[in-house]
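>
Protein chains in written order, with this note's numbering: chain E, 4 to 122; chain H, 21 to 130.
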């Protein structure tokens, strides 16, 4: 399968600061990248979908001004958690997508995730 | 696609035992179903993708079946090994939209 890297793997920050997480597809060009969040004992929840060169599409309930997504190239997407607060502490994971099934679904390749702790 | 249920949420099996998990999902607006294996501190790894009712896929000791009419998929592991210990996620996919189940956490005891 394809390789996706994600950095940092963990970060601790003070409340009010911003944190940037990078997601890179290392060996293929991803048409779409996805950002998920997982709270303890819950499933992966899609936050937003981003396509290279266009604005991200956010899921209902996800604040686009708080979770800034930039997808500047086919191999890099970034998620910036702005003015982070303790309730933003979570596990964030990205995936790089490649269309399959006659373009009806994305084959997704995941990064290892980022554990964010906001003090 | 909403209401993806996986059961059991966790289980322990002895090395050498066979086991299976269930993923159930609404059968409407279905395009594909993915199974992932997620080991601690690693990236989720795609095991299978199935699209057609009656699909069966196999990879070594792991296999999966799909019933799109009734909305379920089974994942089987034959002769479990400690390295099979992981969380197994199912993800049914609507048109370019995927929903994840909470996963089944498997612990294989040597």
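The beta carbon of each residue, even a glycine, is placed where N, CA and C say it ideally should be.
1) Decide yes or no for the touch test of the region 12-22 of chain E against the region 30-40 of chain E: beta carbon pairs closer than 8 angstroms, at least 3 of them.
2) In whole angstroms, what separates the C-alpha of residue 61 (chain E) from that of residue 50 (chain E)?
3) Excluding sequence positions up to five away, which residues of its chain have a Cβ less than 8 angstroms from the Cβ of residue 64 (chain E)?
4) Would you kindly check if the distance between the Cβ of residue 24 (chain H) and the Cβ of residue 114 (chain H) is under 8 angstroms?
5) DSSP has residue 98 (chain E) in a bridge; who is on the other side?
6) How is the beta strand (DSSP E) around residue 51 (chain H) delimited, first residue to last?
7) Measure the C-alpha to C-alpha separation of residue 54 (chain H) and residue 81 (chain H) and round it to an integer number of angstroms.
8) Using a Cβ-Cβ cut-off of 8 angstroms, state whether residue 65 (chain E) counts as contacting chain H.
9) Using the beta-carbon count (16 or more within 10 Å), is residue 95 (chain H) buried or exposed?
10) Compute the distance between the beta-carbons of residue 22 (chain E) and residue 83 (chain E), then report whether it is under 8 angstroms.
11) Say whether chain E places a C-beta atom closer than 8 angstroms to the C-beta of residue 60 (chain H).
12) Kindly identify the DSSP beta-bridge partner or partners of residue 10 (chain E).
13) Counting only C-beta atoms, is residue 21 (chain H) closer than 8 angstroms to chain E at any point?
14) Based on the DSSP output, what are the partners of residue 129 (chain H) in its beta bridges?
15) Around the Cβ of residue 50 (chain H), are there at least 16 other Cβ atoms within 10 angstroms (buried) or fewer (exposed)?
16) Measure the Cβ-Cβ separation of residue 47 (chain H) and residue 88 (chain H) and say whether it is below 8 angstroms.
Result, derived from the coordinates:
1) no
2) 6 angstroms
3) none
4) no
5) E:37, E:113
6) Taken as a continuous stretch (DSSP letters only), residue 51 (chain H) belongs to no beta strand (DSSP E), as it is neither H nor E.
7) 17 angstroms
8) no
9) buried
10) yes
11) no
12) E:25
13) In this prediction, residue 21 (chain H) has a pLDDT of 47, which is less than 50 and means its spatial position is unreliable; nothing more can be read from the coordinates.
14) H:34
15) buried
16) yes
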